[in-house]
Amino acid sequence: MSISLSLNSELQPATASGEQAVSAVAKLQDFLTEQAEATDQDGRFARDSVDALVDAGVFAASVPTDLGGFGVERLHDLTVITSRIARADASVAVAYYMHIALAWYFARVVRFEADGEPGYLPRAEWLEAIGRRRMLLCSAVAERGADYWNLATTATASYNGWVVNGHKILASVSPAATHFYCRLKAVRGEGNHLASAMIPADTPGVRVEDDWQGLGLRGSGSGSVLFSECVVPDNALMVRGPWGKRDAGMLEGRAVSGMGLNGVGLGIAEAARDHALEALTRPSSSRKRSGSAVKAAVTEMEAALTAARGTLSAALQDFDSLLLRNKPQVVTDDMSRAMMKECQLVSMTVERAATTVVDLAMRLTGGASYQARHPLARAYRDVRAAAFMPPYSPPEEAVDFVADTTLGLPEARTPALQEGDR
């Protein structure tokens, strides 16, 4: 294979804990790659791959070491872990990140909060359960046609806790989840609040549809979850704020989640580039590497990857410098908006770069890459999902927010953060 000499060759973990987690992924790389072809072809959830990563401790990467995890604290390292999984299977990387982003947030709350303060105890218990391999999280937020602050799922107060009813979509890793972290409207008397509830998968009334039929990311298990008269105890629900109010302070969490998800696109692009170089340098290849068209495509591919890596790396450094020093949701509203703007611009850059790399890799590889079972054919479909990823969908919401924030227009106060189809 060609020598891929570059000072910006790949993102590396910044800490020893990150290196341990990346090493655990590397040991499973061949297995994940093999499974990716099978689950994509069958259109089924990549359960065996998820189970293998759970057993290896990767799903507990952000859990403190004394609770059974690797103790990863930096968003940079979580993004690198996600990108390495995505090189083998983007579907599993998405499923992984939707779990680990929550686990990382819980660890951050526990790290900064004193024992006894609100939110500490349940999250500490959840972290221990994740570390002991007893909890796998599904982020159940998205709903068809609803934005982040106006969800249709409700939790109504009752004599024995809360009764939850709703229909969530795009619930990645839901077939394997033991718990659903659900965003909803809490209804008690005359007052409504935006709230989160931790709902065990074995709660009566929970139904995982496993109905995901995506063009790409076919193994991610991103189907629907129904909640019908699900009763959860009072302490399972946490109020987040007033209902219907778009709180700029919450943009911090959304920006953090969206930033790390860029590891999926980066991993897809890196794997596609490697496939193309391998095809070009194979002894049986009929392509002339000395041709100007091939050289131009390789150069464009390298330039796109460098742009994605450099932009993402710089942004992760910015984010970690804030996140490692501050409690969750204590930065100013203006800082939250700045984080969201940076997240969206980086996401746009990585999406465009990854799409470019995959397209060029297919051209360099030739017609073989157009076969449905070829890894580049899967990458071609998987990378298109980035346009519909959080924090913004449909794309015009992102354009409006970035432009309004840059121009100082009042519309930039807080965007809709659309979650599902209109």
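Count along the sequence shown starting at 1, add 1468, and that's the number in our numbering. Cβ coordinates follow ideal geometry from the N, Cα and C atoms, glycine included. All figures in this text were calculated on a predicted structure; none of them were measured in a lab.
Sub-8 angstroms separation of residue i and residue j beta-carbons
i: G1673; j: A1558; result: no
i: A1569; j: C1606; result: no
i: V1700; j: A1644; result: no
i: T1624; j: L1652; result: no
i: L1604; j: V1578; result: no
i: A1765; j: R1831; result: yes
i: I1598; j: A1563; result: no
i: A1494; j: G1687; result: no
i: R1555; j: A1704; result: no
i: V1818; j: A1853; result: no
i: Y1573; j: P1796; result: yes
i: G1536; j: N1618; result: no
Cβ neighbours of residue i in the same chain (closer than 8 angstroms, five flanking residues each side left out)
i: C1698; result: V1631, V1632, N1633, I1667, T1671, P1672, G1673, V1674
i: T1483; result: V1540, E1541, R1542, D1545
i: Q1588; result: In the sequence on display, residue 1588 carries Tyr and not Gln. V1577, V1578, E1581, A1582, listed in sequence order.
i: G1657; result: A1625
i: A1663; result: A1623, R1651, L1652, K1653, A1654, L1705, M1706, V1707, R1708
i: D1519; result: A1644
i: E1611; result: L1619, A1620, T1621, G1634, H1635, K1636, I1637, E1887, G1888
i: L1875; result: none
Cβ-based neighbour list, residue i, same chain, cut-off 7 angstroms, excluding 5 preceding and 5 following
i: G1509; result: Per the sequence presented here, residue 1509 reads as Gln, with Gly not at that position. Taken in chain order, the residues that qualify are R1841.
i: L1543; result: V1724, M1727, G1728, L1784, F1787, D1788, L1791
i: T1833; result: H1743, A1744, A1747, L1844
i: R1805; result: A1716, L1719, T1873, A1880
i: A1836; result: H1842
i: V1851; result: G1733, I1736, A1822, T1823, V1826
i: P1481; result: E1487, V1490, D1545, V1548
i: N1628; result: V1699
i: V1814; result: M1727, N1730, T1779, L1780, A1783
i: E1810; result: A1783, D1786
i: Q1839; result: A1845
8 angstroms contact criterion, which residue i and residue j should meet: CB distance rounded
i: A1891; j: L1496; result: Missing from the structure shown is residue 1891; the chain here goes from 1469 to 1890 and no further.
i: R1820; j: L1773; result: Not confirmed; about 12 angstroms, so no contact.
i: S1642; j: V1609; result: The pair is not a contact, with the Cβ atoms about 12 angstroms apart (cut-off 8 angstroms).
i: A1654; j: H1661; result: 5 angstroms
i: S1551; j: G1731; result: 4 angstroms
i: V1548; j: L1500; result: So it is not a contact: roughly 16 angstroms between Cβ atoms.
i: W1680; j: S1696; result: Actually they do not touch by this definition, with Cβ atoms about 20 angstroms apart.
i: R1601; j: V1522; result: 6 angstroms
i: T1636; j: S1692; result: Checking the sequence, you will find Lys at residue 1636 rather than Thr. Their Cβ separation, rounded to whole angstroms, is 7 angstroms, which keeps K1636 and S1692 in contact under 8 angstroms.
Near the ligand MG: residue i beta-carbon under 7 angstroms from a heavy atom
i: D1519; result: As far as ligands go, the structure on display features none, and thus does not contain the ligand MG.
Nonlocal neighbours in the same chain, by C-beta distance under 6 angstroms from residue i, ignoring five residues either side
i: M1769; result: R1741, V1825, L1828
i: D1812; result: Correcting the residue identity first, residue 1812 is Gln in this sequence and not Asp. Only A1866, V1870 meet the Cβ criterion.
i: G1511; result: R1686
i: T1646; result: M1603, L1604, A1669
i: L1877; result: none
i: D1702; result: G1629
i: A1592; result: V1578
i: M1808; result: L1719, A1723
i: F1538; result: S1485, Q1488, A1489, A1529
i: V1694; result: Sequence check: residue 1694 is Leu here, not Val. Counting only Cβ-Cβ distances below 6 angstroms, and skipping sequence neighbours, we find H1635, R1675.
Length at least 4, wholly inside the stretch 1506–1572: the alpha helix (DSSP H) runs in chain order: If we require 4 residues or more, the alpha helix (DSSP H) runs fully inside the stretch 1506–1572 come out as 1515–1523, 1543–1556.
Three or more C-beta pairs below 8 angstroms linking the stretch 1526–1540 and the stretch 1486–1493: By the Cβ test, the stretch 1526–1540 is in contact with the stretch 1486–1493, since at least three Cβ pairs between them sit closer than 8 angstroms.
Three or more C-beta pairs below 8 angstroms linking the stretch 1761–1775 and the stretch 1835–1850: As far as the Cβ criterion goes, the stretch 1761–1775 does not touch the stretch 1835–1850, which means the pair count is below three.
Contiguous beta strand (DSSP E) assignments of at least 3 residues, all confined to the stretch 1752–1810: The DSSP assignment places no complete run of the beta strand (DSSP E) inside the stretch 1752–1810 (cut-off: 3 residues).
Start-end ranges of the alpha helix (DSSP H) lying completely within the stretch 1835–1859, minimum 4 residues: The qualifying runs are 1843–1851.
Contiguous alpha helix (DSSP H) assignments of at least 4 residues, all confined to the stretch 1644–1718: Correct list: empty.
Start-end ranges of the beta strand (DSSP E) lying completely within the stretch 1573–1648, minimum 3 residues: Whole beta strand (DSSP E) segments, 3+ residues: 1605–1608, 1622–1626, 1629–1639.
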